[in-house]
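**Student:** Protein chains in written order, with the numbering used here: chain A, 625 to 920; chain B, 206 to 579; chain C, 68 to 328.
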Amino acid sequence: MAATSAAPPPAPTGRRFSVGPSVGLLPFLVYLSIFLLVPTITVLVGAFQDDQGGFSLQKIGKLNDELPLHVLRESLLLSFISAAVGAVLGALLAYLIVTAPPTSVLRRVVTAVCGVLAQFGGVTLAFAWIATLGFGGLLTKVLADTLGTDPNGISELYELPGLVLVYTYFQIPLMVIVFLPALEGLRPQWREAAVNLGATTWQYWTQVAFPLLRPAFLGSMLLLFANAFAAYATAAALVSQGSPILPLLIRNSLTSEIVLGEQNFAYALALEMVVVVAIVMSLYAWLLKRTSRWLS
Amino acid sequence: MKVRSTLVTLVALVAASALAGCAPPEEDDNEPTPGGVDAKTATSAEDFGGMDELVKAAQEEGELNVIALPPDWANYGTIISTFEDKYDIKVNSDQPDAASQDEINAANQLKGTDRAPDVFDLGQSVALANTDLFAPYKVETFDEIPDEFKDPDGTWVNDYGGFMSVGYDSEVVPEVTSLDDLLGPDFKGKVALNGDPTAAGAAFSGVVMASIANGGSVDDIAPGVEYFKKLKDAGNFLPVDPTSATIQSGQTPVVIDWDYLNAAETANIPSWKVFVPEEAAVAGYYFQAINADAPHPAAARLWQEFLYSDEGQNLWLAGGARPVRADAMVEAGTIDQDLYDALPEVAGTPVIPTNEQTEVMAAYLAENWAKAVG
Amino acid sequence: MSGSTVWRIVRWLLLLLFAAFFAIPLLALLNFSTKDTVTDGRTLAAWQALTQDPTMTDAIITSLLLALLTVVGMVVLLVPTMIWVRLRVPGATRMIEFLCLLPLTIPALVIVVGLTNVYAWVNYLVGDSALTLAFVYVVLVLPYAYRAIDSSLSSLDAMTLAEAARSLGASWFTVITRVILPNLWPGVLGGAFIAVALVLGEYTISSLTHYNTLPVVIVQISKADAPQSMAAALASLLFAAILLVGLSFLDRRRRTTTGRS
Numbered sequence: 625m626a627a628t629s630a631a632p633p634p635a636p637t638g639r640r641f642s643v644g645p646s647v648g649l650l651p652f653l654v655y656l657s658i659f660l661l662v663p664t665i666t667v668l669v670g671a672f673q674d675d676q677g678g679f680s681l682q683k684i685g686k687l688n689d690e691l692p693l694h695v696l697r698e699s700l701l702l703s704f705i706s707a708a709v710g711a712v713l714g715a716l717l718a719y720l721i722v723t724a725p726p727t728s729v730l731r732r733v734v735t736a737v738c739g740v741l742a743q744f745g746g747v748t749l750a751f752a753w754i755a756t757l758g759f760g761g762l763l764t765k766v767l768a769d770t771l772g773t774d775p776n777g778i779s780e781l782y783e784l785p786g787l788v789l790v791y792t793y794f795q796i797p798l799m800v801i802v803f804l805p806a807l808e809g810l811r812p813q814w815r816e817a818a819v820n821l822g823a824t825t826w827q828y829w830t831q832v833a834f835p836l837l838r839p840a841f842l843g844s845m846l847l848l849f850a851n852a853f854a855a856y857a858t859a860a861a862l863v864s865q866g867s868p869i870l871p872l873l874i875r876n877s878l879t880s881e882i883v884l885g886e887q888n889f890a891y892a893l894a895l896e897m898v899v900v901v902a903i904v905m906s907l908y909a910w911l912l913k914r915t916s917r918w919l920s
Numbered sequence: 206m207k208v209r210s211t212l213v214t215l216v217a218l219v220a221a222s223a224l225a226g227c228a229p230p231e232e233d234d235n236e237p238t239p240g241g242v243d244a245k246t247a248t249s250a251e252d253f254g255g256m257d258e259l260v261k262a263a264q265e266e267g268e269l270n271v272i273a274l275p276p277d278w279a280n281y282g283t284i285i286s287t288f289e290d291k292y293d294i295k296v297n298s299d300q301p302d303a304a305s306q307d308e309i310n311a312a313n314q315l316k317g318t319d320r321a322p323d324v325f326d327l328g329q330s331v332a333l334a335n336t337d338l339f340a341p342y343k344v345e346t347f348d349e350i351p352d353e354f355k356d357p358d359g360t361w362v363n364d365y366g367g368f369m370s371v372g373y374d375s376e377v378v379p380e381v382t383s384l385d386d387l388l389g390p391d392f393k394g395k396v397a398l399n400g401d402p403t404a405a406g407a408a409f410s411g412v413v414m415a416s417i418a419n420g421g422s423v424d425d426i427a428p429g430v431e432y433f434k435k436l437k438d439a440g441n442f443l444p445v446d447p448t449s450a451t452i453q454s455g456q457t458p459v460v461i462d463w464d465y466l467n468a469a470e471t472a473n474i475p476s477w478k479v480f481v482p483e484e485a486a487v488a489g490y491y492f493q494a495i496n497a498d499a500p501h502p503a504a505a506r507l508w509q510e511f512l513y514s515d516e517g518q519n520l521w522l523a524g525g526a527r528p529v530r531a532d533a534m535v536e537a538g539t540i541d542q543d544l545y546d547a548l549p550e551v552a553g554t555p556v557i558p559t560n561e562q563t564e565v566m567a568a569y570l571a572e573n574w575a576k577a578v579g
Numbered sequence: 068m069s070g071s072t073v074w075r076i077v078r079w080l081l082l083l084l085f086a087a088f089f090a091i092p093l094l095a096l097l098n099f100s101t102k103d104t105v106t107d108g109r110t111l112a113a114w115q116a117l118t119q120d121p122t123m124t125d126a127i128i129t130s131l132l133l134a135l136l137t138v139v140g141m142v143v144l145l146v147p148t149m150i151w152v153r154l155r156v157p158g159a160t161r162m163i164e165f166l167c168l169l170p171l172t173i174p175a176l177v178i179v180v181g182l183t184n185v186y187a188w189v190n191y192l193v194g195d196s197a198l199t200l201a202f203v204y205v206v207l208v209l210p211y212a213y214r215a216i217d218s219s220l221s222s223l224d225a226m227t228l229a230e231a232a233r234s235l236g237a238s239w240f241t242v243i244t245r246v247i248l249p250n251l252w253p254g255v256l257g258g259a260f261i262a263v264a265l266v267l268g269e270y271t272i273s274s275l276t277h278y279n280t281l282p283v284v285i286v287q288i289s290k291a292d293a294p295q296s297m298a299a300a301l302a303s304l305l306f307a308a309i310l311l312v313g314l315s316f317l318d319r320r321r322r323t324t325t326g327r328s
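1) Could you have a look at ARG811/A and say whether DSSP puts it in helix, strand or coil?
2) Between ALA300/C and chain B, is any beta-carbon pair separated by less than 8 Å?
3) Please identify the residue among ALA817/A, GLY843/A, LEU893/A, THR858/A whose C-alpha is closest to the C-alpha of LEU873/A.
4) Look at the alpha carbon of LEU81/C and the alpha carbon of GLY440/B, and state the distance between them as a whole number of angstroms.
5) Taking the runs of the alpha helix (DSSP H) that are 4 residues or longer, which of them lie wholly in the stretch 234-300 of chain B?
6) When the Cα atoms are used, what is the spatial distance from LEU443/B to GLN865/A?
7) Between the stretch 450-463 of chain B and chain C, which residues of the former have CB atoms less than 7 Å from a CB of the latter, in chain order?
8) Can you pull the DSSP bridge partners for GLY372/B?
9) Using a Cβ-Cβ cut-off of 8 Å, state whether LEU176/C counts as contacting chain A.
10) Per DSSP, what kind of secondary structure is GLN865/A in: helix, strand or coil?
11) Would you mind reading off the limits of the alpha helix (DSSP H) that contains PHE409/B?
12) Looking at GLU572/B and LEU691/A, is the spacing between their C-beta atoms short of 8 Å?
13) When DSSP labels each residue in this structure, what does LEU443/B get in the three-state scheme?
14) Could you say which of LEU281/C, ALA90/C, LEU265/C lies nearest to ALA755/A if we only look at CA atoms?
15) The beta strand (DSSP E) with ASP326/B in it runs from where to where?
16) Taking ALA397/B as the reference, give the member of LEU749/A, SER779/A, GLY746/A, PHE659/A with the closest Cα.
17) To the nearest whole angstrom, what separates the beta carbons of LEU281/C and SER303/C, a pair I think is in contact under 8 Å?
18) Looking at chain B, is there any beta carbon in it that lies within less than 8 Å of the beta carbon of ASP292/C?
19) Evaluate ASN876/A with the Cβ neighbour count: other Cβ atoms within 10 Å of its Cβ, from every protein chain shown; 16 or more gives buried, anything less gives exposed.
20) Classify LYS355/B as helix, strand or coil using the three-state DSSP reduction.
21) Going along chain A, which residues have a C-beta under 9 Å from THR403/B?
22) For ILE243/C, which beta-bridge partners are listed by DSSP?
23) By the three-class DSSP mapping on this structure, what secondary structure does ASN496/B have?
24) Please return the same chain residues whose Cβ sits closer than 8 Å to the Cβ of THR199/C, not counting the five positions on each side in sequence.
25) Taking LYS290/C as the reference, which of PRO275/B, LYS245/B, ASP243/B has the closest Cα?
26) In chain C, what lies closer than 9 Å to LEU398/B by C-beta?
27) Give the interface partners of LEU315/B over in chain C, defined as CB-CB distance under 8 Å, in chain order.
28) Which one of PRO482/B, ALA486/B, ALA505/B, GLU484/B has the shortest CA to CA distance from GLN493/B?
29) Within the 8 Å Cβ cut-off, does LEU169/C reach chain A?
30) From the DSSP output, which residues share a beta bridge with TYR365/B?
31) List the endpoints of the continuous alpha helix (DSSP H) containing ALA852/A.
32) Helix, strand or coil for SER383/B per DSSP?
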């Protein structure tokens with residue numbers, strides 16, 4: 625994701641900035657503000673309102689209750705585990721294919737498959753795993769025979785452990801897509817230079833490659849974290865009992881017929897979500913800048 | 206110059222945002238019926254000039270929007286098709302899997318459009334919290350409905366109810382004579398609850414039933430949560446949403462749900478039995494109401510008349526639910542006696558939590574359910 | 068040398084493990100959707116139901132139309148804007164880039180939670196149909212489309228092309244549509260393919276605004292007819308896969324024609 629450098633200022637006709645050219649951006653800006661900024665601002669404002677519509681910190685304060693805190697913890701844990709596992713395995717997979725030439729079949733197939741699995745929504749993937757480990761699943765009988773698990777399906781699939789598994793399934797491909805450019809930026813000349821100076825493979829990796837790759841790796845892991853934290857579809861399709869993570873608590877606050885009047889609390893929870901993701905993404909952007917110094 | 210362009214941009218943005226942030230003007234299409242009656246404010250069939258006029262006005266509108274009515278829930282599939290055939294009115298059944306709150310959300314979101322729901326069938330909490338959205342209407346048989354099951358103005362009326370029960374496949378698990386049986390080793394990984402109790406009314410009543418059976422009451426749901434925690438620790442609790450499909454495939458051999466929903470499964474699996482605990486007969490009635498902003502007000506009112514007529518009430522009975530006019534119909538002999546006798550045995554005094562009690566229990570549940578079962 | 072052969076073997080072993088991990092759930096989808104629970108054999112009934120069940124066919128058509136509308140919206144909104152920025156308002160590059168990447172930071176769940184009033188307006192002005200989701204989907208697709216078009220745009224010397232066209236008397240409209248755009252089509256196509264994949268799998272916004280798009284119906288139907296929903300899930304995944312594999316072929320062509328290694 626290389627940033628474009630600014631083009632030289634003088635316009636072809638010799639005129640400098642006037643109202644004219646900027647107005648051309650208006651349709652885009654208006655569209656974006658209506659469909660992106662207004663909803664976000666609605667959430668921001670709604671989080672600070674109470675049920676009667678006046679200003680109040682009541683709903684924000686409710687974020688500190690036991691259940692929302694527990695749910696936040698679970699969400700952070702889920703995002704962290706799936707991001708960490710996804711990052712390590714994804715980096716490994718990326719390394720396995722980076723040595724193949726860009727036009728080789730292997731590389732193109734892996735990149736295409738990773739593209740599909742990373743971009744495609746969580747519903748399909750959730751069902752794929754239900755078809756694997758759930759009732760009548762492909763592996764259910766095999767696992768029951770060998771490991772003694774429940775022959776009717778692994779019920780943990782519908783709870784937090786299942787979420788970790790399915791999340792990792794789309795985190796690995798995302799990692800491959802995001803980390804591959806960084807690995808490609810590792811010039812073979814550096815390795816040759818290191819070898820010439822007497823370094824072993826181990827020394828090359830630990831003292832040259834890893835330090836260079838670390839910002840990219842951490843940045844990619846942060847992106848994975850944000851991706852997992854904001855994900856909704858997979859959990860909505862998989863979990864039916866309880867709201868173990870933050871997005872499901874938001875859904876519950878909006879649609880529950882037992883605990884009523886929680887719409888504004890849903891706004892507060894959404895605000896919490898935006899704040900966490902924004903922090904993570906800012907760190908990611910900062911790490912990205914550090915990466916591009918060496919590896920672009 | 207750059208400042209000016211920025212200002213222009215900003216002004217346009219602010220204008221667009223402010224506009225988008227407010228609610229749009231409402232569409233006002235209050236057309237009176239051919240007879241000169243404003244269907245939206247009619248409070249009984251007389252306001253239309255009699256049942257026939259009501260039917261005519263409804264047929265003029267030609268359509269009815271219903272929401273959250275699964276076809277296999279208390280025989281709603283047959284009820285809808287019977288209504289369609291009888292009055293030649295097309296019924297648009299939206300979101301059959303929606304919950305009560307979704308119905309209200311849809312009404313608010315689609316306000317003023319043609320897609321808004323005309324009628325609601327809601328759980329207790331949601332119904333009583335949103336009465337300002339309803340239009341009062343008294344059906345012809347209004348007086349035959351007991352007072353505790355209706356609002357005096359007809360803003361809402363209970364339509365059908367049932368008892369919380371345990372449905373089970375008697376070929377897969379042993380007979381269930383009390384809730385404690387479900388904690389035994391024969392039930393490992395087999396017991397499912399219909400929904401999440403912090404979200405769905407049926408599941409909530411299931412936990413209330415467990416609570417009362419274990420020493421709790423309608424003011425104290427803690428024993429119920431304890432019971433499910435024990436169920437989970439024993440490995441018997443299955444966190445899967447039971448549906449007709451999962452019951453037939455054998456994925457959920459034991460289901461805690463309303464008795465009419467469990468009774469409907471006997472048609473699919475002959476060995477499916479329904480058990481209502483004597484010491485914890487938790488009853489629940491659903492609430493029928495008309496949307497004050499219904500796009501098809503006459504059709505909505507005709508729907509009510511149909512549901513509370515003998516025909517409609519018997520159709521609900523066919524679905525295993527207890528129609529609200531049951532007592533009056535038994536006296537008048539208009540009830541389908543065979544179906545009535547086929548309802549599951551319920552010994553013990555029925556328990557119905559009030560709205561306030563439900564709120565207190567819901568608050569406790571919200572705090573503690575995730576910990577017990579998650 | 069034995070060291071590198073060991074590494075070669077290890078490499079292929081690991082790749083095989085990864086392939087198995089990714090393939091098994093997809094094979095499971097195929098397995099489940101072709102199972103006949105009554106006879107324990109294979110049946111294509113679920114796949115046939117995809118074309119016969121009206122709810123499902125409606126949802127498929129809705130989703131495909133939404134994908135098309137989103138791509139059109141993306142092309143109409145984003146491409147001229149990016150070209151315009153590149154040519155006439157280069158100082159706005161950073162801002163546009165930030166705005167285009169903003170949807171990555173604002174989760175779809177948050178957008179849909181705050182969308183009520185905006186949607187009331189949309190329904191009032193345009194009518195009530197699932198196709199209005201295209202408005203929001205264009206926003207969701209922006210980051211990916213931006214990257215695809217940007218890399219294409221950067222490989223062009225847009226300024227020179229524009230100057231040449233202008234000096235020959237072309238209007239700005241002609242410059243954008245007939246000079247720059249035809250050179251951009253690999254990037255636009257790339258963005259379009261990703262947009263289609265994203266729209267076909269989008270569940271968050273469509274489920275919470277209660278429209279019956281394909282993923283929503285897949286979840287709905289799974290309660291009543293699990294094999295059919297598995298078949299639909301696999302079908303949509305394969306469709307998106309074919310599109311994205313096609314994209315990778317396009318990529319290779321672009322790489323060789325522009326001479327970048």
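Quick reminder that beta carbons are idealized off the backbone N, C-alpha and C, glycines included.
If you're wondering where the values come from, they're calculated on a predicted model, not measured in any experiment.
**Tutor:** Here's the rundown:
1) DSSP places ARG811/A in coil when its eight states are reduced to three.
2) By this cut-off, ALA300/C is not an interface position.
3) In terms of CA proximity to LEU873/A, LEU893/A leads the group ALA817/A, GLY843/A, LEU893/A, THR858/A.
4) The straight-line gap from Cα to Cα measures roughly 36 Å.
5) The stretch 234-300 of chain B contains, as complete alpha helix (DSSP H) runs of 4+ residues, the segments 250-253, 256-266, 281-292 (chain order).
6) Distance between the alpha carbons of LEU443/B and GLN865/A is about 9 Å.
7) Going along the stretch 450-463 of chain B in chain order, one finds ALA450, SER454 with a Cβ nearer than 7 Å to chain C.
8) The bridge partners DSSP lists for GLY372/B are VAL460/B, VAL479/B.
9) True, the Cβ-Cβ gap to chain A drops below 8 Å.
10) Of the three classes helix, strand and coil, the one that applies to GLN865/A here is coil, per DSSP.
11) 406-418 is the extent of the alpha helix (DSSP H) around PHE409/B.
12) Yes, the Cβ-Cβ distance between LEU691/A and GLU572/B is below 8 Å.
13) Coil at LEU443/B, not helix or strand.
14) The shortest Cα separation from ALA755/A among LEU281/C, ALA90/C, LEU265/C belongs to ALA90/C.
15) First-last of the beta strand (DSSP E) with ASP326/B: 324-327.
16) Distance check between ALA397/B and each of LEU749/A, SER779/A, GLY746/A, PHE659/A places SER779/A closest, using alpha-carbon atoms only.
17) Rounded, the Cβ-Cβ distance is 6 Å, consistent with contact.
18) Judged by the 8 Å Cβ criterion, ASP292/C is in contact with chain B.
19) Classification of ASN876/A: buried, given that the 10 Å Cβ count is 16 or more.
20) Collapsing the DSSP output to three states places LYS355/B in a strand.
21) Under the 9 Å cutoff, chain A gives GLY866, SER867, ASN876, SER880, ILE882, VAL883.
22) According to DSSP, which records beta bridges pairwise, ILE243/C is partnered with nothing at all.
23) ASN496/B: strand per DSSP, three-state reduction.
24) Taken in chain order, the residues that qualify are TYR186, VAL189, ASN190, VAL193.
25) It is PRO275/B whose Cα lies nearest to the Cα of LYS290/C.
26) Within chain C, no C-beta atom comes nearer than 9 Å to that of LEU398/B; the closest sits roughly 15 Å away.
27) Chain C residues near LEU315/B: ASN190, ASP195.
28) Out of PRO482/B, ALA486/B, ALA505/B, GLU484/B, ALA505/B has the C-alpha closest to the C-alpha of GLN493/B.
29) For LEU169/C, the answer is yes, since a Cβ of chain A falls inside 8 Å of its Cβ.
30) Beta-bridge pairing links TYR365/B to PRO528/B.
31) For ALA852/A, the enclosing alpha helix (DSSP H) starts and ends at 834-854.
32) SER383/B falls in the coil class under three-state DSSP.
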